[in-house]
Each structure stands twice: as C-alpha cells, then as structure tokens.
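Numbering follows the numbering used here, with no gaps: position 234 of the sequence shown is 238.
Cβ coordinates follow ideal geometry from the N, Cα and C atoms, glycine included.
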Amino acid sequence: MTDEKKKDIETVSSDLKKSEKKESPSLKKDQIDKNENLVENKKLSEENSNINNKKAATDNNNADAQNSNNKNVINKQVEQVEKISANEKVSENKNQVNKEQNKDTPAENRKILKKSVQKKKDVKTDSIKDDSNEKKKNVEPESDNGDLVEKLVSINRVAKVVKGGRRFSFAALVVVGDGNGMVGHGKGKAKEVPEAIKKATDEAKNNMIRVPLRQGRTLHHDIYGRYDSGKVYLRSAPSGTGVIAGGPMRAVFEALGIQDIVAKSVGTSNPHNMVRATFQALKEASSPKIIAIRRGLKINEITKRRKSDKEVSDAKN
C-alpha cells in the first residue's frame, strides 16, 4: 500500500506542475491588458485637462472683450449726456438773455411789434382769399384742369362673409363738382380708406352731369326726384336764402355751386339713396331756352311770368 500511495502523490504533484505551467501565460496576458488600460486612461485624462485649459483661456479672452465693449458703451453714453447738458445750458442762457431784453424794452414797443405782426398776417390772408376767389371766377366747367370741389358724403366699414370668416373693407361715397353747374357722384371700395376715397372720386369725375342754373346761384324751377324709397323735393329760392338742405343733399348743392335753394327729403335717410334721388331730380332740370325750343316759343314768352328778386322781397315785406 505504501507504494501505491507514493505513486498517487507523484501523479498529483505532476498534474499540479502542469496546471501551473498552463495558467502562467494567461495571467501574464491579463496583467499586460491592465497596464495598457492604465496608460490609455492617463492619456485621456491629459487630453481632457488640455481641453479644459484651452476653454478656460478662451472664456477669459471673451470676458476681456466684453468688458472692453461695455467700457466703450459707457464712455459714449457719458459723452451724450455731457452734450445734452451743454445744449440745455446754452438754451437756458438764451432764454435768460431774451427775458432781460424783454424787460429792457418798454410795453409800448411790445404792443407796436404785436400789431405789426398781426397786420402782416392779415395782409397774407387777404391775398390768399383774393387768389382763391379769382380762381373760382375763372373756372371753366368743361376743362379738366380746373379746380374741382370734392365732398366726402359718407364712409362705411363693410364685411364680406367667407368660409374662413369675415373680410373687412371700406366703402366711400364722394360728390365732385366744379362749382359752376357740373356735378357727379361715385362710390369706391377698398381695404384702406384713402384708396376707397380715390376710387370714388375717379368714378364721380367720370359720371359728371351739367345742370342749368339761374344766374349761377339757384334752379330755374321746382323739381321732384325719387330713387327706391328716397324722395327729394327741390325748390328754387331768391337771393339771400342760402342752402336750406341737410345731409348728403347739402354736399351735392355745394359742389354744384348752388347758393340759394330749399330742399326736403322724405323717406329713407340712406345717403346713397338720397344722393341718387337728388341726381335724378337734377337730371330733370331744364333751362328756359330748352323749354322754348320744345314748345316752339320765344324765351321772353316763357320768362315773362317769372317774378324778379325785388318783387319777391317786396312781397315778403
């Protein structure tokens, strides 16, 4: 039995030696891998530290640049404040000098200066009025270059309902005349007010009509006009009566150049219907010459029954 035990011990020892020889190279490989990992970690840490240092340097440079820019802005603001204060001081000095001069000048001189300034203004306004009156007298009704009177009768905001909602726009009603027997009206629509007024004035200029006037101030005879539910009665009037009319009708008569008239509207107060009714009435106006031609008579035979302005005034008194 001892021999067998010895043999077993020897076999076990030989197996252990073989196992140690086999395990030794694997252990060496593990150590080599660990060393390589350590080296790589060191390199990465060094690179990260370099990157952080560079970032810190760039941040410092940016901060320095911002500080310099802020300093420049502050300096500019200080300069502006100094300039403003200097200008205020100069203006204060000027005001003080003017006050001292006014104190030195007596009150009578001040009154004289004020009167002279007022006289100059009055002369200017009188010259402007004379020029405007001359222009009105020299207006040719058929000329396109003459001064036209534009009257804005009404302006409304209207809406168009579509699938996505409502679209708003403006509608303008304008009356245009030359103040000497020519008048027209027009309607314009646009998204903005000035464009709507421009369209309406253009349409009114294209739709102008001539109305015969008596002595350039009133109608020759009484007229009645109607458009839809708007009714208008127009009556000629003696001189000095004035324009007795309201709303849109007044704008039509002022643009036409009528100075004496009595008008009344019945029914609707819609400005569009009222303006169209007045135009329907004005289209029916005729002069004695036209009536004489229609009837085959002389003008004197038609106008002999007409009362003069003096007779009308005497009858009133």
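Of G250, R221, E86 and E154, the smallest CA-CA separation from T282 is found for G250. Minimum Cα-Cα distance from T245 among the listed residues R221, A255, L260 and S233 corresponds to R221.
The alpha-carbon of A163 is positioned some 56 Å away from that of N79. Taking all protein chains in view, the Cβ of L301 is surrounded by fewer than 16 other Cβ atoms within 10 Å, so the residue is classified as exposed.
With a cutoff of 7 Å on beta-carbon distance, Q284 and Y231 are scored as near each other. One thing to note: L156 has its Cβ no nearer than 7 Å to the Cβ of V180. The distance from the Cβ of N211 to that of H189 is about 7 Å, consistent with a contact at the 8 Å cut-off.
For V162, the uninterrupted beta strand (DSSP E) run begins and ends at V153 to V166, by DSSP. Between S243 and D226, the C-beta gap is not smaller than 7 Å, which leaves the two residues out of contact.
Proximity to V236 across G261, V266 and R218 peaks at V266, based on C-alpha coordinates. Sixteen is the threshold: since fewer than 16 other Cβ atoms of the shown chains lie within 10 Å of the Cβ of R299, the residue is exposed. A direct Cα-to-Cα measurement between S53 and K47 gives close to 10 Å.
Its Cα nearest to that of R171, the residue K195 stands out among G271, K195, I248 and S290. For R280, the enclosing alpha helix (DSSP H) covers residues P275 to K287.
Distance between R218 and E305, taken at the CA atoms: about 17 Å. The three-state secondary structure of K209, taken from DSSP, is helix.
Within a 10 Å sphere around the beta-carbon of V94 sit fewer than 16 other beta-carbons, which makes this residue exposed. Under DSSP, T222 shares a beta bridge with R218. A residue is called buried when at least 16 other Cβ atoms come within 10 angstroms of its Cβ; L177 meets this threshold and is buried. Here DSSP, grouped into helix, strand and coil, assigns L238 to strand. The closest CA to that of E154, considering only N45, A259 and N274, is found on A259. Here P252 is buried: its Cβ has 16 or more other Cβ atoms, across all protein chains shown, within 10 Å.
Under the three-state reduction of DSSP, L301 is assigned to coil, being neither helix nor strand.
Between the C-alpha atoms of F174 and R254 there is a straight-line separation of about 23 Å.
In this structure I201 is buried. Its beta-carbon is surrounded by 16 or more other beta-carbon atoms within 10 angstroms.
For A267, the enclosing beta strand (DSSP E) begins and ends at I265 to G271.
Assignment of beta-bridge partners to S173 by DSSP yields V162. The residue among E288, L223, I297 and K58 with its C-alpha nearest the C-alpha of F257 is L223.
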